[in-house]
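Undergrad:
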Amino acid sequence: MALNYAVLLGSVRRDRMGLRAARMVMASIAARGHSATLVDPLELGLPLLDRMYKEYPPGEAPAALRDLAALYRAADGFLVVSAEYNHGIPPALKNLLDHFLEEYFFRPSGIVCYSAGRFGGVRAAMQLRMTLGELGMPSIPSLLPIADIGRALGEDGTATDAHLPRAAARFFDEFDWYARALRRERDASGTPG
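FYI, the UniProt record's numbering numbers position 185 of the sequence shown as 185, with every residue one higher than the one before it.
(1) Does the beta carbon of alanine 22 sit closer than 8 Å to a beta carbon anywhere in chain B?
(2) When you compare each of Asp148, Gly121, Ile149, Leu97 to glycine 133 by their alpha carbons, which one comes out closest?
(3) Do alanine 125 and leucine 153 come within 8 Å of each other at the CB atom, strictly closer than that value?
(4) For a test of the three-state rule: what should DSSP assign to threonine 191, helix, strand or coil?
(5) Going by other Cβ atoms of all chains shown within 10 Å of its Cβ, with 16 needed for buried, is proline 58 buried or exposed?
(6) Using the C-alpha atoms, what's the distance from arginine 66 back to leucine 42?
(7) Taking the beta strand (DSSP E) that leucine 8 falls in, what are its first and last residues?
(8) Looking at glycine 10 and serine 82, is the spacing between their C-beta atoms short of 8 Å?
(9) Out of Met17, Met26, Ala61, point me to the one whose CA is closest to glutamate 84's CA.
(10) Please specify which runs of the alpha helix (DSSP H), each continuous and at least 4 residues long, are wholly inside the segment 4-74, giving them in chain order.
(11) Specify whether the segment 31-40 and the segment 48-62 touch according to this definition: at least 3 beta carbon pairs, one from each stretch, less than 8 Å apart.
(12) Output yes or no for whether 8 Å exceeds the beta carbon distance between leucine 46 and alanine 64.
(13) Between the C-alpha atoms of serine 28 and alanine 36, what's the straight-line distance to the nearest angstrom?
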């Protein structure tokens, strides 16, 4: 079963390393025969949250939000690529996430976290896991932390750390399982309520 994923990149910093992780994620998804769309808040230029997408009168939401809503409704799962800023979630990622709600429901999320240090962004991932669950896209049990990202991944997303491809394969096996299971249930029974 071919799946369709949205990859949400969480950083808009000038020298962001998250693009390396996002490129690795996109290549991993393609290698598995699935499709994915990279959602980059820097390219979207979303405003700070004033109104959620659903709060706009029909036809009045900004085009970027309408396009994202359609993309999210078609997604089988969300892979979130997050840095760790001061032990927390990057503000651009939180802003990107909070514009939507129902569009996420009953789809899994997977967290790919990274940092320049040796903890690989796991402190931000714990906060992110709570947010994703509240938004209706609970995260799978495993994380894919990337420590020392500048050394672990080349600019094109190719792993230079021998451990990373094995960890990524296990992570994507698990994520695909959850995405297939939830898609089958959505297709067969719809969703609750």
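By construction, the Cβ of each residue, glycine as well, lies at the ideal position given by its N, Cα and C atoms. Fair warning: this is a prediction, and the values are worked out from it, not measured in the lab.
TA: The short version:
(1) Checking the listed chains, one finds no chain B in this structure; it contains a single protein chain.
(2) Here residue 133 refers to the residue found at position 133 when the sequence shown is read from its first residue. Closest option to glycine 133, Cα to Cα, is Leu97.
(3) Within the sequence shown, numbered from 1, the residue matching residue 153 stands at position 153. Within the sequence shown, numbered from 1, the residue matching residue 125 stands at position 125. No. Outside cutoff.
(4) Locating residue 191 in the sequence shown gives position 191, counting from the first residue. DSSP places threonine 191 in coil when its eight states are reduced to three.
(5) Here residue 58 refers to the residue found at position 58 when the sequence shown is read from its first residue. Burial call: exposed.
(6) Translated into the one-based positions of the sequence shown, residue 42 becomes position 42. Translated into the one-based positions of the sequence shown, residue 66 becomes position 66. When rounded, the distance between both Cα atoms is 17 Å.
(7) Mapped onto the sequence shown, residue 8 falls at position 8. Run containing leucine 8: 4-9, per the beta strand (DSSP E) assignment.
(8) For the purposes of this step, residue 82 is identified with residue 82 of the sequence shown, where counting begins at 1. For the purposes of this step, residue 10 is identified with residue 10 of the sequence shown, where counting begins at 1. Yes, these two residues count as a Cβ contact at 8 Å.
(9) In the sequence shown, the residue the question calls residue 84 occupies position 84. Comparing Cα-Cα distances from glutamate 84 to each of Met17, Met26, Ala61, the minimum goes to Met17.
(10) 18-31, 41-44, 63-74
(11) no
(12) Translated into the one-based positions of the sequence shown, residue 46 becomes position 46. Translated into the one-based positions of the sequence shown, residue 64 becomes position 64. Contact: yes.
(13) Taking the first residue of the sequence shown as 1, we reach residue 28 at position 28. Taking the first residue of the sequence shown as 1, we reach residue 36 at position 36. Cα-Cα distance, rounded: 10 Å.
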